[in-house]
Every structure is written in structure tokens, then in C-alpha cells.
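Engineer: In this note's numbering, the protein residues as written are 7 to 255.
Every residue, glycine too, gets a C-beta built ideally from N, C-alpha and C.
There's a structure below that I have some questions on.
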């Protein structure tokens, strides 16, 4: 099947230097950027059902900018006064710097993993665990391996503060693309929620990450473009390789 229209299930890149646009120009394909899922706050009423009080914690663990966005948004809706004594433990330096959007950075104690992984973060937290009560905002379906914190003997509480919901995409629009690109298992779920009778046929499917690949295969999809691999680190490079191979055909 000739590939002319590709749906990338992510927001449109903010820069025109994105490799996706290089692919458009090189191969004469049309890229459409449309997420299959949206991330939304829990309502204060939904959050209160968990019987968790943010005020009982003096350390917040943030593993993504999304988690930070929804933590501060929901805390605001709940009218929680966040003490200046709260310490923040972040998965990497980028997330730590992102906190300047919400707090006076120089007045707070902010820690981050220099290795940018949960295992290293758990060790950072362990050094402060005697006086800290840790709370990690998570999504309703999250991928963090919390056993890492148990192994490090760090007591951690989690609170669901946001959830993923399927975007509304008509089946006829889905069928109009020659290739669909997915980045999360929730995206695969959204595909079938939008079109319960979906049949892949000649449509190419690209997936990023082992959990997305597993979910696609469980759903009976034929994955034509898997990523990443040691040779192909990104979705863009995987798409380009696929187009080159089929261009030679």
C-alpha cells in the first residue's frame, strides 16, 4: 500500500525543525497530528474519594511535567495551601526547572535524579526519608514501577490526580489514513473505543515502546513499524526507514 497520509497520535511539534516535517518534504507525505487520548484533571469530588489529604505530606515526587501540571492544578481547585517547607523530588533536572512555573524556585528545596531514572531517584529520596512523607501524583493508569521504592525502603504514597480519556475521532477519519502511529497502550484502546469494528486491512500500524507493542498485538493488530530499536531510536526514524524500504519496492 502506498503511504500518503500518516496520523501521528501526538500534538503537533512546536518547532518546524521536527524530523516529521523533513519526512513530509522528502517523501511527499501528509502528516496529521492528533492525539488519540487526552489527559484531564480529576475533579475535587473524585479526588476526595481517595481520602488523601495533600497537607499530610511534606514531600512531592514528580516524574513528569504532566504530573506537575495536574498536581498544582488540582491543589489549587482543592484550595490547598502548599507550605514553603514542602520539598520536591523530581525524576530529572528538566522537571525540576519546570517547577518555576508554579513556585518561587529559590525559596524551595528541590531535588532531582542526575541519572533521570526511578532507581536513582529512590536513592535521592532515601537520603531524606527520615523526615519526609512522600506523595507521588499519578494517572489512573500509570507505568511507574513502584517496587523500586519498596526495594530502597522508601515509604511512598500515591494519589491519582489525572486520567486519560479517549479523544473523539470518527471511524471514517481513522480509515482515511495509510498509517497510524501510536505511542501509548491507551492510544490503542482509544482506537477501538472510537471504532469498535475497526479492521486494519492494508493500513500500516507504527508503535513506540514495548508496552504499546504488547497492547497492539493483544488487540490483534499487525505492527508494521516497531520502535525503538538499537538502530532506530525514534518514531520518526522508524517511519523514514519504512518509507525508504517501500520506496525501493
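(1) Output needed for residue 222: all residues of its chain with C-beta closer than 6 Å, excluding positions within five of it in sequence on either side, in chain order.
(2) Select from 57, 142, 211 the residue whose C-alpha is nearest the C-alpha of residue 5.
(3) My output table needs one value for residue 25: the three-state DSSP class, helix, strand or coil.
(4) Note down, in chain order, each residue of its chain lying with its Cβ closer than 8 Å to the Cβ of residue 71, except the 5 sequence neighbours on either side.
(5) Residue 204 and residue 175 - do their beta-carbons sit closer together than 9 Å?
(6) Run through the segment 62-120 for me and flag every whole beta strand (DSSP E) of 3 or more residues, listed as ranges in chain order.
(7) Quick check: the Cα distance between residue 37 and residue 11, rounded to an integer number of angstroms?
(8) Run through DSSP, which three-state label would residue 208 get?
(9) Buried or exposed, going by whether 16 or more other CB atoms sit within 10 Å of the CB of residue 246?
(10) Pull the bridge partners of residue 47 from the DSSP assignment, please.
(11) Within the same chain, show all residues whose beta-carbon is closer than 6 Å to that of residue 78, passing over the 5 residues directly before and after it, in chain order.
(12) Where does the unbroken alpha helix (DSSP H) through residue 176 begin, and where does it stop?
(13) On the three-state DSSP scale, how would you describe residue 163?
(14) How should residue 131 be labelled, buried or exposed, when 16 other C-beta atoms within 10 angstroms of its C-beta is the threshold for buried?
(15) Less than 8 Å between C-beta atoms, sequence neighbours within five positions excluded: which residues of the same chain meet that for residue 40?
(16) If you run the structure through DSSP and keep just helix, strand and coil, what is residue 155?
(17) Do you know offhand how far residue 73's Cα is from residue 144's?
(18) Quick one: what's residue 14 bridged to in DSSP?
(19) Measure the beta-carbon distance from residue 6 to residue 92 and round it to whole angstroms, keeping in mind my assumption that it falls under 8 Å.
(20) Along the chain, where does the alpha helix (DSSP H) that runs through residue 216 open and close?
(21) Can you check which of these residues, 146, 151, 133, is closest to residue 52 by C-alpha distance?
(22) Quickly, what does DSSP pair residue 142 with across the bridge? List them, please.
(23) Could you check what DSSP says for residue 130 in three-state terms: helix, strand or coil?
Structural biologist: Looking at the atomic coordinates:
(1) Translated into the one-based positions of the chain shown, residue 222 becomes position 216. Once the five neighbours on either side are set aside, the close Cβ partners of residue 222 are 194, 213, 229.
(2) Residue 5 cannot be examined here, being either before or after the span of the chain that is shown, 7 to 255.
(3) In the chain shown, counting from the first residue as 1, residue 25 sits at position 19. Of the three classes helix, strand and coil, the one that applies to residue 25 here is helix, per DSSP.
(4) Position 65 of the chain shown, counted from the first residue, corresponds to residue 71. Excluding positions up to five away in sequence, the list reads 100, 101, 104.
(5) In the chain shown, counting from the first residue as 1, residue 175 sits at position 169. In the chain shown, counting from the first residue as 1, residue 204 sits at position 198. Going by C-beta atoms, residue 175 is not nearer than 9 Å to residue 204.
(6) 65-68, 93-96, 115-118
(7) Taking the chain shown and counting its residues from 1, the one referred to as residue 37 is at position 31. Taking the chain shown and counting its residues from 1, the one referred to as residue 11 is at position 5. Straight-line Cα distance between these residues: approximately 6 Å.
(8) Locating residue 208 in the chain shown gives position 202, counting from the first residue. It is coil, neither helix nor strand.
(9) Mapped onto the chain shown, residue 246 falls at position 240. Residue 246 is buried by the Cβ-count criterion.
(10) Start at 1 with the first residue of the chain shown, and residue 47 comes out as number 41. Residue 47 is bridged to 168.
(11) Translated into the one-based positions of the chain shown, residue 78 becomes position 72. 108.
(12) Within the chain shown, the letter at position 170 stands for residue 176. Where residue 176 is concerned, there is no enclosing alpha helix (DSSP H), given that its DSSP letter is neither H nor E.
(13) If you number the chain shown from 1, residue 163 lands on position 157. Here residue 163 sits in strand by DSSP.
(14) Translated into positions along the chain shown, residue 131 becomes position 125. Label assigned to residue 131: buried.
(15) By one-based count along the chain shown, residue 40 stands at place 34. Answer for residue 40: 13, 14, 15, 173, 175, listed in chain order.
(16) What you label residue 155 is simply residue 149 of the chain shown in a count that begins at 1. Here residue 155 sits in helix by DSSP.
(17) Here residue 73 is taken as the residue at index 67 of the chain shown, counted from 1. Here residue 144 is taken as the residue at index 138 of the chain shown, counted from 1. So the two alpha carbons sit approximately 7 Å from each other.
(18) In the chain shown, counting from the first residue as 1, residue 14 sits at position 8. Paired residue(s): 39, 187.
(19) The structure shown does not extend to residue 6, since the chain is modelled only from 7 to 255, so the question has no answer here.
(20) Mapped onto the chain shown, residue 216 falls at position 210. Run containing residue 216: 216-224, per the alpha helix (DSSP H) assignment.
(21) Looking up residue 52 in the chain shown gives position 46. It is 146.
(22) Walking along the chain shown from the start, residue 142 turns up at place 136. Answer is 164.
(23) As a first step, residue 130 is located in the chain shown; it is residue number 124 there, counting from the start. Residue 130: helix per DSSP, three-state reduction.
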